[in-house]
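A short worksheet on the structure shown next.
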Amino acid sequence: MNAQRHQSRSSELVGLAKVPARPSRVQLAPHGYLWIFPAFALCVGVIYYCVGYSVYISTLSWDGLSSYQQDVGLENYQKLFADPLFWSSLWHTVVFFVVVFTLQTLLGIVFAAILHSKVKLAVIYKVLIFLPVVIAPAIMAPVHRNVLSKDGALNSILSSLGLGDFTRSWLADTSTSLWAIIGVQIWSSAGVAFILFFAAMSQVDLETLEAARIDGAGNVRTLLYIVMPEVKGTVIALAVLNAMAALRLFDFPYLLTRGGPVYSSEFPGVFIYREYAAAHAGYSSAASVVLLVIALGASVLMTMRHRRSLRAEQGR
Amino acid sequence: MFEIRSRISRVILQVMITVLVLPFVVPLVVMVQVSFSGAGWGNYKAVTEVPFFLYFFRNSGLIALGVIAISYALTMMGAYGFSKLRIRGREFFFWMIMGALTLPEVVLIAPLFPTFSKLGLYDTFWAVIIPVSALQVPFTLLLTRTFVDGIPNDLLEAARIDGCGSIRTFWNVIIPLSRPMAAAIIVLVFINAWNAYLLPLAFLQNAEHEVVTQLPQYFRSQYSDDQTKQLAGAVLTALPEVIAYIGLQKFFERGMAAGAIK
């Protein structure tokens, strides 16, 4: 640093005829604290305030409203960890994440590859795949309830295909409710995967593709060995987006099944909201804190991953 | 990108994509079809006669505007600060904000309910705008910081040599150069704010303060389970978004794809 200052002073002395040593950016840049303060205050204020407050509430027996609060220490946590409903809601989150992420990735790649192959009416297919992403889950929920009901569209399609034995009330059956919600989520989010892969695939170097083709690689091999390695970053981005969606999931399970029947499609979001609405604010907050710890762990992992991949990119 | 030479394989591909897209279309067709069954247009008439019908749209619009304004301003300022200005412990502050990246909104309800009640914010739009913005900013900031990192420092230095302070540099260099990113962010935040369901459900009580996502559910509680009117409500509330998407296709797709822009 000293040397640098020395250098810049000497170049000043010599004058502008000589190329002046460029001062490092960090030395000259103005302070940025005021610029980041609003975002910091809002996010950290709201979020860490809520986290702190949740931790406090989780040690209480409280209905969430009245002035009567009783300190119960860690009792809520003991009860929570012994609650099979909470564990099954976490398990459902894992299943949801794995299945949605896998199928979404597959569908996204297939759609993007096909629509990159000069099929007719590509714009229309694109709009139809992406439309479900735009419409609010809460607005689509009654539609999905209708489609998945006993005499809904899904069952009539199955019957007309000769699969009448499979018809059922998809959301009211304990063996299918979770899968119905997973299916609905794939319906409403496959468009994101498609758009991401579509964009990533248009970045693939055309000369490499041409070279592969001259070497005799067919379309499938081109996709697997040339295109796939190029879109790896997109798969990671999708994993991040899906993890966020899985941890936050509320609208679909709440509006489609209320977590039922018999808690077969329970998710942490629904669990926390139901306990809160049932005036068990303390118990609900204990579940919130556990979910928060999981979410925080996930964000740390993701931010690390993101920064590392950026650094790798810059180093390239 | 993929070359399909023979006519047969071209037809096969076309059939394949059509079959794959069909499941995505079915719910949309059902939505429109069922909304007209029974009373036909009467279902739509019944929906428009819901008390404060137009308020649902106005309220969602106001909330979306508030969230967009706050998120945009805070994101741009924050990205400039984190990317180009001098901050001791920059990464520490950044990570503290990023801690909220995966925060589930449901955990905000128990602590914010008594707080908003005490501050007199309960059942005002601020009770939705503030937490929704707080949940949006970490993600938009992550994207935008990466984007602003890509703006060459030489450009900022040139501005400084020309006598621009940080405010003018922000206004005349950062804002115009980040416009493509801004469009993506605004669309992304708009979708998330307009589609928000849980926070309005928890913090808005008065019938005059309800938002579009609550309209289809109105007929579930009121008339037990009147599907035709629910779906008519769904069509009416989905319509503005569908029109906005078809009109601004490129921006919507870019907004949702923003996660992939590195």
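Chains A and B, in that order, give the protein sequences. Converting from the first sequence to our numbering requires adding 2 to each position, the first position being numbered 1. Converting from the second sequence to our numbering requires adding 15 to each position, the first position being numbered 1. Even glycine gets a Cβ: it sits at the ideal position worked out from N, Cα and C. Bear in mind that the values here come from a model prediction, so they are computed numbers and not experimental data.
Rounded to the nearest angstrom, what separates B:VAL122 and B:PHE205 at their Cα positions?
22 Å
May I have the straight-line CA-CA distance separating A:LEU249 from A:PHE273, to the nearest angstrom?
12 Å
What is the DSSP secondary structure of A:ASP85, reduced to helix, strand or coil?
coil
Taking the continuous alpha helix (DSSP H) assigned at B:ILE78, which residues delimit it?
68-99
Enumerate in chain order the residues of its own chain whose CB-to-CB distance from A:SER162 is below 6 Å, with the five nearest sequence positions on each side excluded.
Closer than 6 Å at Cβ, skipping near neighbours: no residue.
With burial defined as no fewer than 16 other Cβ atoms inside 10 Å of the residue's Cβ, what is the status of B:ASN187: buried or exposed?
Exposed.
Taking only the alpha-carbon atoms, compute the straight-line gap between A:GLU212 and A:ILE116 and give it to the nearest angstrom.
So the alpha carbons of these two residues sit roughly 18 Å apart.
Can you pull the chain A neighbours of B:GLN242, defined as C-beta to C-beta under 8 Å?
PRO144, ARG147, ASN148
Helix, strand or coil for A:VAL28, going by three-state DSSP, please let me know.
Legend: pLDDT at A:VAL28 = 46, less than 50; position of this residue unreliable, value from coordinates given subsequently. Residue state, collapsed to three classes: helix.
Beta bridge counterpart(s) of A:GLN72 as assigned by DSSP:
A:SER63
Mind checking if B:SER8 is an interface residue toward chain A, Cβ cutoff 8 Å exclusive?
Here chain B has residues from 16 to 277 only, and residue 8 of chain B is not among them.
Considering B:ILE206, what are the terminal residues of the alpha helix (DSSP H) in which it resides?
194-209
Nearest CA to the CA of A:ASP207: which residue from A:MET230, A:LYS81, A:ALA124, A:HIS282?
Nearest of A:MET230, A:LYS81, A:ALA124, A:HIS282 to A:ASP207, Cα basis: A:MET230.
Sorted by chain position, which residues of the same chain lie with C-beta nearer than 6 Å to A:SER132's C-beta, five sequence neighbours on each side aside?
Before going on, a small fix: residue 132 of chain A reads as Phe here, not Ser. So the list reads GLY193, once near-sequence residues are dropped.
Tell me which same chain residues have a C-beta within less than 6 Å of the C-beta of A:VAL291, skipping the five on either side of it?
SER56, VAL57, SER60
State buried or exposed for A:PHE168, treating a residue as buried only when at least 16 other CB atoms are found within 10 Å of its CB.
exposed
Thinking just about the alpha-carbon of each residue, which of A:TYR127, A:HIS118, A:LEU87, A:SER90 is nearest to the one in B:VAL40?
Nearest neighbour of B:VAL40 by Cα position, chosen from A:TYR127, A:HIS118, A:LEU87, A:SER90, turns out to be A:TYR127.
Grab the span of the alpha helix (DSSP H) containing A:TRP189 for me, first residue to last.
179-203
If you scan the region 109-195 of chain B from start to end, which runs of the alpha helix (DSSP H) of 4 or more residues do you find wholly inside it?
Restricted to the region 109-195 of chain B, the alpha helix (DSSP H) segments that are unbroken, complete and at least 4 residues in length are 124-134, 141-164, 168-176, 181-184, listed in chain order.
Under 7 Å by beta carbon: chain B residues contacting A:PRO32:
LEU100, ARG101, SER181
Between B:ARG235 and B:LYS244, what straight-line distance do the alpha-carbon atoms span, to the nearest angstrom?
9 Å
Nearest to B:ILE182 by CA position, among B:ALA61, B:LEU37, B:GLY55, B:GLY96, is which residue?
The candidate whose alpha carbon is nearest that of B:ILE182 is B:GLY96.
Have a look at the DSSP bridge pairing and note the partners of A:HIS33.
Within the DSSP secondary-structure output, A:HIS33 pairs in a beta bridge with B:ARG101.
Beta carbon of A:TRP172, beta carbon of A:LEU156: below 8 Å?
yes
Output the boundary residues of the alpha helix (DSSP H) element that contains A:GLU212.
First-last of the alpha helix (DSSP H) with A:GLU212: 208-216.
With a threshold of 16 other CB atoms inside 10 Å of the CB of A:HIS33, please say whether the residue is buried or exposed.
exposed
If you compare alpha carbons, which of A:LEU243, A:ILE228, A:HIS94, A:LEU293 is closest to A:SER267?
A:HIS94
So, B:PHE140 versus B:LEU43, is the Cβ gap smaller than 8 Å?
no
At a cut of 8 Å, does the region 279-291 of chain A reach the region 218-235 of chain A through at least three beta carbon pairs?
no
Contact with chain A by B:TYR212, beta-carbon distance below 8 Å
yes
Report yes if the CB atom of A:SER301 is closer than 8 Å to the CB atom of B:LEU116, and no otherwise.
yes
Assess contact between the region 194-204 of chain B and the region 214-221 of chain B, defined as three or more Cβ pairs (one per stretch) separated by less than 8 Å. Is contact present?
Cβ pair count under 8 Å is below three, so no.
CB-CB under 6 Å to B:TYR278, same chain, minus the five flanking residues each way: which ones, in chain order?
Given that chain B is displayed from residue 16 to residue 277, the structure contains no residue 278 of chain B and the question cannot be resolved.
Can the beta-carbon of B:ALA88 be found less than 8 Å from the beta-carbon of A:TYR278?
no
Using a cut-off of 7 Å between C-beta atoms, extract the partners of B:ALA115 located in chain A.
CYS45, ILE49
Note the first and the last residue of the continuous alpha helix (DSSP H) segment covering B:ALA61.
56-63
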